[in-house]
Amino acid sequence: MLTIKDKFIVFDIETSGFNPELHKIIEIGAIKVVNGKTIDSYHSLISYKGRLNQEIVNLTGIDPSDLKDAPERKTVLSEFFDFVGDYNLVGHNITQFDNKFLWFSAISVGLTPKKNGLIDTLTIARQVLASDSYKLDYLCTTLGIGIDNTHRALDDANLTLMLFKKLNEQFPINITPELVEYQSTSQYGQRIDTKYMARNGDADIKGIAGKKFCV
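Position in the sequence shown counted from 1, then plus 29, gives you my numbering.
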């Protein structure tokens, strides 16, 4: 069981789209909490050379030019995994979105996905609140949490932390971190990017053996 007094990391991501097996993480923001106090944070944009959908640009305010000189995805994910360590992860819709993106992003660059415990504030809110919407900004407004910026990773991580604290204060509940693993459910499979595959490298390519590819 996890309480607000334990140690955990709240994180949020921004992405190039909404399919974890096809689209890319373009920003990660995270806050490390111990005994109810923020002790550290992590933030990085991620290099992305493709064309961003205008919907994503409008939603996040992130322009492709912002990502051109950002660190590579494998570098950022490695840094983030080091930052996370064995801490439980808190996020809003973390189970079906943020952590799912992390899982398939790790596979795509030859990293081992993290299997940390997950606490989803969306799940908690649905259990204790009757609301017209369970979007992060709507819930924060409903519960009197001030909003300055949204749809940037570190800002939304901070909002999620405040929501998590508020839910703990108003609705004392037992929270058991959930361990989740993901299986590919789409035609894209567990994609490994060719740029991270090298002769005699350590990328596991067994998962793509026998599949068809369009180059």
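Backbone N, C-alpha and C define an ideal beta-carbon position, used for all residues, glycine too.
Beta-carbon proximity list for residue i, same chain, < 8 Å, skipping 5 on both sides
i	result
I75	K53, I54, I55, E56, I57, L96, A99, P100, E101, R102, V105
N87	none
Counted within 10 angstroms of its Cβ, other Cβ atoms place residue i as buried (16 or more) or exposed
i	result
N64	exposed
D48	Strictly speaking, residue 48 in this sequence is Asn, with Asp absent from that position. Under this definition N48 is an exposed residue.
V157	exposed
D115	exposed
F37	buried
Minimum C-alpha distance to residue i - residue among the options
i	options	result
T150	T124, N178, T170	T124
G90	R181, N203, I202, K195	R181
I204	A59, E210, K194	K194
K129	H72, T44, K224, I38	T44
D41	T179, R220, N82, Y225	T179
L192	Y225, A59, L172, K224	L172
G46	L81, I60, D222	L81
Pairwise C-alpha distance: residue j and residue i
i	j	result
T152	L196	11 Å
S73	I174	25 Å
S94	Q199	43 Å
L183	D69	12 Å
E108	N117	17 Å
Y211	D177	34 Å
Y167	E84	20 Å
Expected contact under 8 Å - CB spacing of residue i and residue j to nearest Å
i	j	result
L165	H121	5 Å
Same chain only: Cβ atoms within 7 Å of residue i, ignoring 5 sequence neighbours per side
i	result
L208	K144, G146
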